[in-house]
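Residue numbers (UniProt numbering): 1 to 440. Single-structure report; data block below.
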């Protein structure tokens, strides 16, 4: 009963140990290469040649995941010994997976299983394992150094690119600021000149309007004087004719009959004159009335003329205002055209800068791709070194196995010879056997 209890406890311990591996089976199957682990596991005697051939060359196992899964299944059947050998192989070849399964950092100690099998050659194996570990550490350090160099190169490239862009942007900004200041000064100067010209134009327009009004008043006075002059000339002509008539009458004084006749005619003329005066008075009244109406009409015309003058003045003011607005709009239009030209030139400059940036970016990409190619080449060299190291390790293991076989065979032969011969003969055989391993 006690024996059964101990056996059950051992089986449960094995299952508990392998349960940790089964929990991480997916990650292990995806990451482990069986060809790396099988030589070490064969050295630990947990795999034989048939198992290795099945794992590496079976047609049923078409992928690396399947081969790794089959390796775990075979090791599972070996119990605690398979578990220990598997963890030691992980500790040696896959330290990250060892930490994932056990939760502990790898110690890189020599295998206790291999030490039990080959007590005579553990120093050589330990030395070779240490050398391989050094090579792996150097390869990792070189890879880390390359990655750091690539990161520094990218950082320096980005920094240089940023400095170039900053310098170009600063130069463009300073140039645009100087242009803006010069354009602002020019704009202020043009505005001052435009304001002075507008003020002078308004003064000249006002003087022109005053001169036009003055000329019109003078023209009206001239017309009135011409009318009065014509009237005075007519009166002078009438007086001259009357004086000439009186002179002629005096010179040709008539006789009494003629005088009587003339007096009678004079009386008749007086009567007619009175009649004519009455008629003329009526006509004068009518004319006075007409004159009043004409004066009223003239006042209306003067008012209308004044209103027309005001409208003309307002129209001229509007015209001047519209001309000023037109000049302002033309100035703004020219300014906008210059701004558009400036922005167009600026856009062309920015486009050229972007093209230069794209060219520099393409160059950086080319350098980066070249660095990636170099990195791939270094990785390939590292893989070749690792494969070479694995081959050397396999060769060492095989030579150690051959050495162990030869030693066991030599011991067996020595024992057989010792049983058949005498004591002195046995001593000579022992001396021979003690020299033979040294030769191997």
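We put the CB at the ideal spot given by N, CA and C, even for glycine. Remember, predicted model here, so these are calculated numbers, not experimental data.
Across the structure, residue 316 and residue 225 are spaced so that their CA atoms are roughly 31 Å apart. Taking a contact to require three or more Cβ pairs closer than 8 Å, the segment 362-375 and the segment 227-243 do not qualify as touching. Secondary structure of residue 33 (DSSP, three-state): coil.
Residue 97: member of the alpha helix (DSSP H) spanning 95-102, first to last residue. In this structure residue 97 is in contact with residue 28, their Cβ atoms being roughly 6 Å apart against a cut-off of 8 Å. Its Cα nearest to that of residue 381, the residue 142 stands out among 352, 19, 186, 142. Annotation for residue 364: 157, 161 place their beta carbon closer than 8 Å to its own, counting only its chain and skipping 5 residues before and after.
As the crow flies, the alpha-carbon of residue 359 is around 11 Å from that of residue 352. Excluding residues up to 5 positions away in sequence, 371 lie with their Cβ nearer than 6 Å to the Cβ of residue 150 in the same chain. The distance from the Cβ of residue 84 to that of residue 20 is about 13 Å, inconsistent with a contact at the 8 Å cut-off. Inside the segment 170-239, DSSP marks no whole beta strand (DSSP E) run of 3 or more residues. Counting other Cβ atoms within 10 Å of its Cβ, residue 182 stays below 16 and is therefore classed as exposed. In this structure, residue 39 lies near residue 397, with their beta-carbon atoms less than 7 Å apart. Put simply, the backbone Cα of residue 223 is about 34 Å away from that of residue 246. Counting C-beta pairs with one atom in each stretch, the segment 67-79 and the segment 42-57 have three or more that are closer than 8 Å, which means they touch. A residue is called buried once 16 or more other Cβ atoms fall within 10 Å of its Cβ, and residue 195, having fewer, is exposed. In the structure shown, the three-state DSSP call for residue 107 is coil.
In this structure, the CA atom of residue 147 is about 19 Å from the CA atom of residue 384. Residue 377 and residue 347 have their C-alpha atoms spaced approximately 44 Å apart.
Between the beta-carbon of residue 89 and that of residue 154 there is about 38 Å, and that puts the pair past the 8 Å contact cut. Under the three-state reduction of DSSP, residue 61 is assigned to coil, being neither helix nor strand.
At the C-beta level, residue 56 and residue 47 stay beyond 7 Å of one another. If the five residues before and after residue 99 are omitted, its C-beta is found closer than 8 Å to the C-beta atoms of 105, 106, all from its own chain and listed in chain order.
Taking each of 172, 24, 159 in turn and checking the Cα distance to residue 103, the smallest one comes out for 24.
Nearest in C-alpha terms to residue 200, of all of 405, 62, 320, 58, is 320.
In the three-state DSSP reduction, residue 340 falls in the helix class (H, G or I). In the structure shown, the three-state DSSP call for residue 132 is helix. Rounded to whole angstroms, the separation of the alpha carbons of residue 93 and residue 137 is 12 Å.
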